[in-house]
Every structure is written in structure tokens, then in C-alpha cells.
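Asks:
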């Protein structure tokens, strides 16, 4: 059982990371961060953390469990990748950030958040960035 955070370098991703870390502490569960931005270049056994994520992880409050970090493969749709990772980890909670989109934007581009909400086997916590 794990708290899985779907992270990207955005205000929504940062808000999701903070909320996920707080939930991991509250639930006394491990924290897993799933980076939605795929790594460039050939696969690596131990890729370096993106600088933005490394900074955020270092700034998490004391008592937050150390996070394991994995990356989305570029060939896999973000929603499918989040759902697969949640299933692989047997996640107790999936935390994702969201931004407002118009109904037309959702129709044309689809909605990763909506797909995860509808198809995840674990509860999903959707976080909006602070304004």
C-alpha cells in the first residue's frame, strides 16, 4: 500500500506532491512519485531527479517518508501510465493535480484527470494549485 503522486513541473504538480506527502504521513504509508514528463534519451537504471523535483522533495516537512521516484515511458498515454503505476504499486491513494479547462478543451484534448477518476481502482485525490 502506497500513496502515489502523479507529478509534473507545474503549480498543479507541486500542489499534488505536497498533498500526497501530507497523506503519506497521515496514513503512515510509503510515498511514490510518478513523474509524468518522460526521460529523454536511452533508458537509465538510476536516472537523476529533475532539479525542480529534487528541490521540492528536499523541502518536504520532517517526518515525510522518503519518496521512490519512477518515470512515465513516452509511448504510454499519461492516464494509462498513472493507472498502470497505481495498479503495479497497489496504491491506497492516487493524488493528481488539476487545472481548469473549458468544456470544449476537455472534449478536444480529453482529460487525464477524468480518466484516472473513472478508471482507478484506488481512491483519487484531485488537487488544484493555489492561486
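Residue numbers (full-length UniProt numbering): 1 to 131.
Every residue, glycine too, gets a C-beta built ideally from N, C-alpha and C.
Please read all numbers here as calculations on a predicted model, not as lab measurements.
(1) Counting pairs of beta carbons, one from the region 63 to 70 and one from the region 21 to 30, are three or more of them closer than 8 Å?
(2) Please name the residue or residues paired with residue 128 in a DSSP beta bridge.
(3) What's the call for residue 112, buried or exposed, on a 16-neighbour Cβ count within 10 Å?
(4) Using a Cβ distance threshold of 8 Å, determine whether the region 86 to 101 contacts the region 1 to 19, with at least three qualifying pairs required.
(5) From the DSSP output, which residues share a beta bridge with residue 3?
(6) From the DSSP output, in three-state form, read off residue 64 for me.
(7) Below 8 Å on the Cβ atoms is my contact criterion, and I expect residue 12 with residue 88 to pass it. Report the Cβ-Cβ distance as a whole number of Å.
(8) In three-state terms, what does DSSP make of residue 37?
(9) Give me, in chain order, the residues of the same chain whose beta-carbon lies closer than 8 Å to that of residue 108; leave out the 5 immediate sequence neighbours on both sides.
Replies: Let me spell this out:
(1) yes
(2) What you label residue 128 is simply residue 128 of the chain shown in a count that begins at 1. Partner(s): 98.
(3) Reading the chain shown from its first residue, position 112 is the one you call residue 112. With 16 or more other Cβ atoms within 10 Å, it is buried.
(4) yes
(5) As a first step, residue 3 is located in the chain shown; it is residue number 3 there, counting from the start. Looking at the DSSP assignment, residue 3 forms a beta bridge with 31, 93.
(6) As a working note, residue 64 is residue 64 in the chain shown. Coil.
(7) In the chain shown, residue 12 corresponds to position 12, counting from 1. In the chain shown, residue 88 corresponds to position 88, counting from 1. That belief does not hold up - the Cβ atoms of residue 12 and residue 88 are roughly 23 Å apart, past 8 Å.
(8) Reading the chain shown from its first residue, position 37 is the one you call residue 37. Residue state, collapsed to three classes: coil.
(9) By one-based count along the chain shown, residue 108 stands at place 108. Residue confidence for residue 108 is low, a pLDDT of 47 falling below 50, so the modelled location carries little weight and cannot support an answer.
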